[in-house]
Amino acid sequence: PALRMTALDDAESYVTVLPGLKQVLFIEVGFGADQHGQDITKAAVRACRNAIEFNSIPSITAIIPGGYADMALRVTLALPKALASSLDLDKVKAVFPYGKKEIV
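Going by the UniProt record's numbering, 59 is the number at position 59 of the sequence shown; the sequence numbering is gapless.
Shown next, in the form of structure tokens:
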């Protein structure tokens with residue numbers, strides 16, 4: 001599976017499979033909000049920037065065939081359903097400088 005997680009405090013384990021991904025190299029988490037403007041796109045862009053702003057992956061060209069251009073990015077956003085239709089996916093994708101981007 002692309003991702004395997006094991007519970008540390010008991011003997012149970014569970015597996016999460018991410019379709020289309022053979023191997024997960026890293027997971028980043030970010031937080032973003034737009035408290036005053038209620039702009040869901042601005043909040044999502046802030047969360048994505050927050051997740052990647054301190055990362056450096058110099059060996060990606062050695063790990064992934066095709067390097068940065070062929071790197072697959074799976075971005076999962078949690079947002080209110082009522083505001084989801086106003087999300088500008090192109091602005092969110094623009095945060096990531098390279099890779100094949102999928103926003104879910």
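Don't be surprised by glycine CBs; every beta carbon is placed ideally from N, CA and C.
Worksheet item: Is the shortest distance between the beta-carbon of residue 50 and the beta-carbons of chain B less than 8 Å?
Response: No chain B appears in the structure shown, which is made up of a single protein chain.
Worksheet item: So, using beta-carbon positions, are residue 37 and residue 51 closer together than 8 Å?
Response: no
Discussion item. Quick test of your reading: residue 32 and residue 24, contact by CB under 8 Å. State the CB separation rounded to the nearest angstrom.
Written reply: About 22 Å; that fails the 8 Å criterion.
Fill in: Helix, strand or coil at residue 103 according to DSSP, with G and I counted as helix
strand
Worksheet entry | Span of the alpha helix (DSSP H) around residue 29 | From DSSP, residue 29 is part of no alpha helix (DSSP H); its letter is neither H nor E.
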